[in-house]
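Enquirer:
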Amino acid sequence: TLHKYGIYDTDRLTPEFHRSRRDELRSHMAPHSAAFFLSASSKNRSNDVNYEYHQDPNFYYLTGHIQSNSALLITKDPITVGGVTTNEVIFVQQRDPAREVWTGPRLGTEGAKSVLKFQAALLIDSVNSLLKQILPGFDTLYYTSPVSTTTAEVLLDTTLNNWVTVLAGMSRKYTNLKISSVHKSWLA
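At position 32 of the sequence shown the residue is numbered 89 (my numbering), and the sequence of numbers has no breaks.
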C-alpha cells in the first residue's frame, strides 16, 4: 500500500508512535481547547523548480505526514466530523493523477486514513469551513508557527505572514477564544 502513495522508505516511525505524540500533547491541553498545526510550505527555487521539500519537524512528529499543503487539528474534547467522532483531523491535498505524474503521488484522504491511521481526514480546502463551525465551542486555540531557519525566512515567508493575519482575525472574530502558542515542552 505504501508504494501506491509514493512512500518507499520502510524505516519510518509507526502511525502508533505519532498517535502517542498527539495523545501526549492532548494531555497538556486545557479543557475545551484545540491545537492547530501547518505543514511546511514548498519553497520555489525558480519558475517551475522547487527546492527539495522538508517537512516541519513538529508537524511530522505529530502526523508522520511528509507532504506539503497539509494541516492538523487536535482537540481536547471529541468533535464530530463527517459522521465520525474524533479528537484529531488531518487535512491533506486532493489526489490528482494527472498532476501526480509530475509532482509525485499524494496521499489524499483515503491514504491519510490507511497509511497514517487517522479516523478523520479532510481535504485542505475544508480547513476554513470546519474551523468556522467548531471554533465558537472552544475556549483556547493553540498553534505553532511554521519553522523557519533564518530571520530572513521568517520575514519573507508568506505562509507565516498569512498565518499571523489569520490568527489576528480569529482573535477579533471569536472574542471568547484565547489564542496561545504551544509550549515547546509539550512536543518533546
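Heads up, the beta-carbon is just placed ideally off N, CA and C, and yes, glycines get one too.
#1: Are there three or more Cβ pairs, one per stretch, closer than 8 Å when the stretch 79 to 94 is compared with the stretch 189 to 204?
#2: Let me know if Ser96 comes out buried or exposed under the rule of 16 or more other beta-carbons within 10 Å of its beta-carbon.
#3: DSSP has Leu130 in a bridge; who is on the other side?
#4: Might you give, ordered along the chain, the residues of its own chain that have their beta carbon closer than 6 Å to the beta carbon of Lys174, omitting 5 neighbours on each side?
#5: Taking the C-alpha atoms as reference points, what is the distance between Glu145 and Tyr231?
#6: Per DSSP, which residues does Thr201 bridge with? Please list them.
#7: If you reduce the DSSP assignment to three classes, tell me which class Ser125 lands in.
#8: For Gly226, count neighbouring C-beta atoms within 10 Å of its own C-beta (all shown protein chains included) and say buried if the count is 16 or more, exposed if not.
#9: So Gly165 and Arg156 are supposed to be a Cβ contact under 8 Å. How far apart are they, rounded?
#10: Determine the DSSP secondary structure at Leu187, reduced to helix, strand or coil.
#11: Pick from Gly121, Thr143 and Ser228: whose alpha carbon is nearest that of Tyr200?
#12: Quick one: grab the DSSP three-state call for Lys241.
#13: Please go through the same chain and pick out, in chain order, the residues whose beta-carbon is closer than 7 Å to the beta-carbon of Ile181, but skip the five residues on each side of it.
#14: To the nearest angstrom, report how far apart Pro135 and Lys241 are at their CA atoms.
Expert: Looking at the coordinates:
#1: Segments in contact, yes.
#2: Buried is the call here.
#3: DSSP, once it has assigned bridges, lists Phe93 and Val146 as partnering Leu130.
#4: Take Lys174, set aside five residues on each side of it, and the residues of its chain with a beta-carbon closer than 6 Å to its own are Pro72, in chain order.
#5: If you draw a straight line from the Cα of Glu145 to the Cα of Tyr231, it is about 21 Å long.
#6: Partner(s): none; Thr201 has no beta bridge.
#7: In the three-state reduction of the DSSP assignment, Ser125 falls in the coil class.
#8: Exposed, by the Cβ-count rule.
#9: A Cβ-Cβ distance of about 12 Å is found for the pair Gly165 and Arg156, leaving them out of contact under the 8 Å criterion.
#10: Looking at Leu187 - three-state DSSP - the assignment turns out to be helix.
#11: In terms of Cα proximity to Tyr200, the closest of Gly121, Thr143 and Ser228 is Ser228.
#12: Three-state DSSP puts Lys241 in a helix.
#13: Same-chain partners within the cutoff: Asn126, Ser127, Ala128, Phe148, Val149 and Gln150.
#14: Using only the alpha carbons, I get a separation of about 24 Å.
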